[in-house]
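Residue numbers (the working numbering): 19 to 397.
Built from N, CA and C at the ideal position, the CB exists for glycine as well.
No experiment lies behind these values; they were computed from the predicted model shown.
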């Protein structure tokens, strides 16, 4: 193929970037890796069908984790497969009062991992990261396939939100759409070995006589009907799940609410507005990853959520609250720029956490306390 001078310069820059950020230091250039990355980028770029006759996205440049953390001081988004019209349509969702994320033309690739460092024995916290030779950066996904972990990906669509609290805070990535694996994902499961299992009906009977069966450690099987968020207590992380049986009488009808966040009432306290009508309290969910993506425009699915009315404390609308047994699922990221919070609300997250986890305030009392703290801070 004959490349123009501009295309040749872009290819040279791409090869240098891939060698520096993805290949082991001191090793010979990985020609196969470089060619695969470039081929995937060309495929994604050409999928929009309006690439002005260019086979390469000359207006795009590669960006490393370090570059994002060091030089990208403003929120942004990048969508390689989107045309300008598609981005404009997306940005119009911000409405007349919202400011959409500005578009940058950046190419992001790295290894998707659940380890913040290089140590395999490192305790996993449930967080996700993108890693290259320059560092790691936290990220959030709508849907995660566990087979993706540890593999190298190109991320065609993403948003970057820099740290709001500096210098101690860290920015994060919001990954739109499905990442593109650089190498084929080959899964080679070992031979299947049958194991004895207990189903919920039998396990329930055994639990009633557990004092006599302390040494028994059975395998359980059943239909997953409820899954809680990750809970961290005394340096231990765990979650709660419920298994159902196969009979119709064992079926469980979950309470599911879907909606869009239309306001941030008190971010550190975990209070939001849902669909312009309901209050939403996430103070009893220990999900830092969810909290940092929460802003107007985010779409959520709430499972086994509580509805409370006439709470008082200055809040006249009904409130949805998710307890430890419930789950809050992210269904869509927001296209909006984060709103700047007033100074008295930008601090104090640890104080609100103490009210919930150390003093164990119930929702009505917690609501009253947060309202009182806000009023005091304004005086």
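Going straight from the alpha carbon of residue i to that of residue j, what length do you get?
i, j, result
"residue 66", "residue 236", "53 Å"
"residue 177", "residue 113", "19 Å"
"residue 406", "residue 386", "Examination of residue 406 is not possible in this model, given that the chain is present from 19 through 397 alone."
"residue 28", "residue 43", "22 Å"
"residue 282", "residue 48", "47 Å"
"residue 354", "residue 204", "37 Å"
"residue 248", "residue 343", "10 Å"
"residue 276", "residue 320", "6 Å"
"residue 104", "residue 111", "11 Å"
"residue 369", "residue 301", "12 Å"
"residue 51", "residue 86", "23 Å"
"residue 257", "residue 77", "45 Å"
"residue 125", "residue 193", "13 Å"
"residue 156", "residue 54", "25 Å"
"residue 393", "residue 219", "52 Å"
"residue 115", "residue 357", "11 Å"
"residue 225", "residue 244", "19 Å"
"residue 107", "residue 380", "43 Å"
"residue 22", "residue 206", "43 Å"
"residue 201", "residue 170", "7 Å"
"residue 64", "residue 99", "8 Å"
"residue 91", "residue 120", "12 Å"
"residue 242", "residue 209", "25 Å"
In the DSSP assignment, what residue or residues form a beta bridge with residue i?
i, result
"residue 150", "153"
"residue 244", "260"
"residue 124", "79"
Mind reading off the beta-carbon distance from residue i to residue j? Whole number of angstroms is fine, and I expect it under 8 Å.
i, j, result
"residue 350", "residue 316", "7 Å"
"residue 168", "residue 179", "About 25 Å; that fails the 8 Å criterion."
"residue 217", "residue 239", "6 Å"
"residue 335", "residue 307", "So it is not a contact: roughly 27 Å between Cβ atoms."
"residue 287", "residue 388", "4 Å"
"residue 195", "residue 175", "5 Å"
Enumerate in chain order the residues of its own chain whose CB-to-CB distance from residue i is below 6 Å, with the five nearest sequence positions on each side excluded.
i, result
"residue 142", "132"
"residue 122", "94 and 96"
"residue 128", "148, 149 and 150"
"residue 158", "192, 307 and 311"
"residue 35", "80"
"residue 154", "134 and 147"
Between which residues of its own chain and residue i is the CB-CB distance below 7 Å, once the five residues before and five after are set aside?
i, result
"residue 60", "73 and 74"
"residue 39", "82, 150, 151 and 152"
"residue 374", "301, 302 and 384"
"residue 304", "247, 248, 249 and 250"
"residue 325", "336 and 338"
For residue i, collect the residues of the same chain with a Cβ closer than 8 Å to its Cβ; drop the 5 residues on either side in sequence, then sort them by chain order.
i, result
"residue 280", "291, 292, 293, 294 and 314"
"residue 246", "257, 258, 259, 342, 343, 344 and 345"
"residue 1", "For residue 1 there is no data in the structure shown, the boundaries of the chain being 19 and 397."
"residue 31", "79 and 80"
"residue 213", "237"
Using a Cβ cut-off of 7 Å (strictly closer), state whether residue i contacts chain C.
i, result
"residue 39", "This model lacks chain C altogether; it includes just one protein chain."
Run through the stretch 289 to 358 for me and flag every whole alpha helix (DSSP H) of 4 or more residues, listed as ranges in chain order.
306 to 311
At 4 residues or longer, what runs of the alpha helix (DSSP H) sit wholly inside the stretch 96 to 122?
102 to 109
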